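For the sequence shown, position 2 (counting from the first letter as 1) is numbered 2 according to the UniProt record's numbering, and the numbering increases by one without interruption. All C-beta atoms in this analysis are idealised placements derived from N, C-alpha and C, irrespective of residue type, glycine included. Quantities reported herein were computed from a predicted structural model and do not represent experimental measurements. Below you'll find the structure, written out as structure tokens, and then a few comments.
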Amino acid sequence: MDTSTTSEDKPVQRSKVTSSKSFSFNIQREVCSSCEKTVYPMERLVADKQIFHTTCFCCKHCNTKLSLGSYAALEGEFYCKPHFQQLFKSKGNYDEGFGRRQHKELWADKEHETKTA
Numbered sequence: 001m002d003t004s005t006t007s008e009d010k011p012v013q014r015s016k017v018t019s020s021k022s023f024s025f026n027i028q029r030e031v032c033s034s035c036e037k038t039v040y041p042m043e044r045l046v047a048d049k050q051i052f053h054t055t056c057f058c059c060k061h062c063n064t065k066l067s068l069g070s071y072a073a074l075e076g077e078f079y080c081k082p083h084f085q086q087l088f089k090s091k092g093n094y095d096e097g098f099g100r101r102q103h104k105e106l107w108a109d110k111e112h113e114t115k116t117a
């Protein structure tokens, strides 16, 4: 404490005030699922429990910007509705249309393993 006197010779106590130049907040940083950069609240979009920048939320097939009302998701991949339907209809099922093995092949493999065991 710093003490000084006034014109009436009464001691006045003055405290030293120190200010911090930086503040420390324990806020968890959110990262975009697409570009892996920080997402700030004004540019934040959440789809299927994943966080995106509004500009990074795009169709995997044609790269068109998506909105919450114009997308379809399959196994963590996001598509515009026209391409989702096109890829689904091209093979008649989700697996082949999107380049994955059919479930019936996986079941056949399991049946074969149980018969040989």
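{"Query": "Supposed close pair Cys80, Cys62 - CB separation, criterion 8 Å", "Result": "6 Å"}
{"Query": "Length of the line joining the Cα atoms of Phe52 and Cys32", "Result": "4 Å"}
{"Query": "For Gln85, three-class secondary structure by DSSP", "Result": "helix"}
{"Query": "Burial state of Leu87 (16 or more Cβ within 10 Å)", "Result": "buried"}
{"Query": "Extent of the continuous beta strand (DSSP E) to which Arg29 belongs", "Result": "Arg29 -> no beta strand (DSSP E), and no H or E assigned at all."}
{"Query": "Met42 versus Asp48 - alpha carbon distance", "Result": "19 Å"}
{"Query": "Classification of Val46 by the beta-carbon crowding that lies within 10 angstroms, buried from 16 upward", "Result": "exposed"}
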